[in-house]
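Trainee:
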Amino acid sequence: MHVQIVLFDDFDPLDVIAPYEVLHAGGAASDGAVSVELVSAEGPREVISGTGGLALRATGALDLERADMILVPGASGLAGTPGEVPEEEVGAGERTQDEFIPVRLGRILATGLPALLKQAMADPDITVATVCGGSLVLAMAGLLEGRHATTHHLGLDMLDATGAHAVRARVVDDGDLITGAGVTSGLDLGLYLLEREVGPRVAHAVEELFAYERRGTVWRPQGPAPTAF
Numbered sequence: 001m002h003v004q005i006v007l008f009d010d011f012d013p014l015d016v017i018a019p020y021e022v023l024h025a026g027g028a029a030s031d032g033a034v035s036v037e038l039v040s041a042e043g044p045r046e047v048i049s050g051t052g053g054l055a056l057r058a059t060g061a062l063d064l065e066r067a068d069m070i071l072v073p074g075a076s077g078l079a080g081t082p083g084e085v086p087e088e089e090v091g092a093g094e095r096t097q098d099e100f101i102p103v104r105l106g107r108i109l110a111t112g113l114p115a116l117l118k119q120a121m122a123d124p125d126i127t128v129a130t131v132c133g134g135s136l137v138l139a140m141a142g143l144l145e146g147r148h149a150t151t152h153h154l155g156l157d158m159l160d161a162t163g164a165h166a167v168r169a170r171v172v173d174d175g176d177l178i179t180g181a182g183v184t185s186g187l188d189l190g191l192y193l194l195e196r197e198v199g200p201r202v203a204h205a206v207e208e209l210f211a212y213e214r215r216g217t218v219w220r221p222q223g224p225a226p227t228a229f
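So that you can map any letter, position 158 of the sequence shown is 158 in the numbering used here, and since no number is skipped, the others follow by simple counting.
Next comes the structure, spelled out in structure tokens:
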């Protein structure tokens, strides 16, 4: 399984690094059954995150011919809604609405990434995964209508408004679409991907290596609906 994690301007670093480390460790624990790389829609470049100017390097281009799985992170910035301008913070200088996460996510729609993600979502041989606001990138591009997905708890209403079925769960498995909730859910998502694609023994070995136990039950659209408590 070859995984390409997509970088874009203002991405959230933890959305990227958490699943990258888990998947990389899973590859080492499975004699190379998993490989992972950082890519961008534009090709190799330094990509500046939304957290303190931290940069990561995309070593290649998003390539649907090579990828078995594409993982989309969210953006890092201020929580809020488009059009809202926060009060100026002491020592922070002037703030603009461009620093809000929804606006940063919206700017992605003007790049070449949404068209590539649309192709990936239509390809039965490619699984698309997201962490945090990554599902909102897909939703804002009109790619999640009728699908079950999750995102950061502050974005669930926005996700639901796009026509997706927003689920308040740590990880949601909707077949060829697997989504993680808040920022640290990238660890849980990565471990679940290892269990699903490689097996529970490899996933457990990586859990032990990282001294981390997954949180929550993976939600799937299966089984009887729960009755009211």
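For each residue, glycine too, the CB sits at the ideal point set by N, CA and C.
1. Do residue 41 and residue 62 have their CB atoms nearer than 8 Å?
2. Whole angstroms is fine: what's the gap from residue 23's alpha carbon to residue 191's?
3. For the region 131-146 against the region 100-110, are there 3 or more C-beta pairs whose distance is under 8 Å?
4. Helix, strand or coil for residue 157? Go by DSSP, reduced to three states.
5. Any chance the region 203-213 sits against the region 148-155, with 3 or more Cβ pairs inside 8 Å?
6. Less than 8 Å between the beta carbons of residue 132 and residue 224, yes or no?
7. Can you list, in chain order, the residues of its chain whose CB lies under 7 Å from that of residue 161, leaving out five sequence neighbours each side?
8. As a quick exercise: from 8, 15, 146 and 67, pick the residue whose alpha carbon is nearest that of residue 48.
9. Output the distance between the C-alpha atoms of residue 71 and residue 229, rounded to the nearest integer angstrom.
10. Could you give the distance in angstroms between the alpha-carbon of residue 219 and the alpha-carbon of residue 183?
11. Roughly how many angstroms separate the alpha carbons of residue 246 and residue 46, rounded to a whole number?
Mentor: Here's the rundown:
1. Yes, they are a contact pair.
2. Near 8 Å, if we compare the C-alpha coordinates of residue 191 and residue 23.
3. Segments in contact, yes.
4. In this structure, residue 157 counts as helix in the three-state DSSP scheme.
5. Too few Cβ pairs lie closer than 8 Å, so no.
6. 8 Å or more divides the Cβ of residue 132 from the Cβ of residue 224.
7. Excluding sequence neighbours, residue 161 sits near nothing in its chain.
8. With distances taken between Cα atoms, residue 48 lies closest to 8.
9. Between residue 71 and residue 229, the C-alpha separation is close to 36 Å.
10. Going from the Cα of residue 219 to the Cα of residue 183 covers about 18 Å.
11. Lying before the first or after the last residue shown, residue 246 is absent from the chain, which here runs from 1 to 229.
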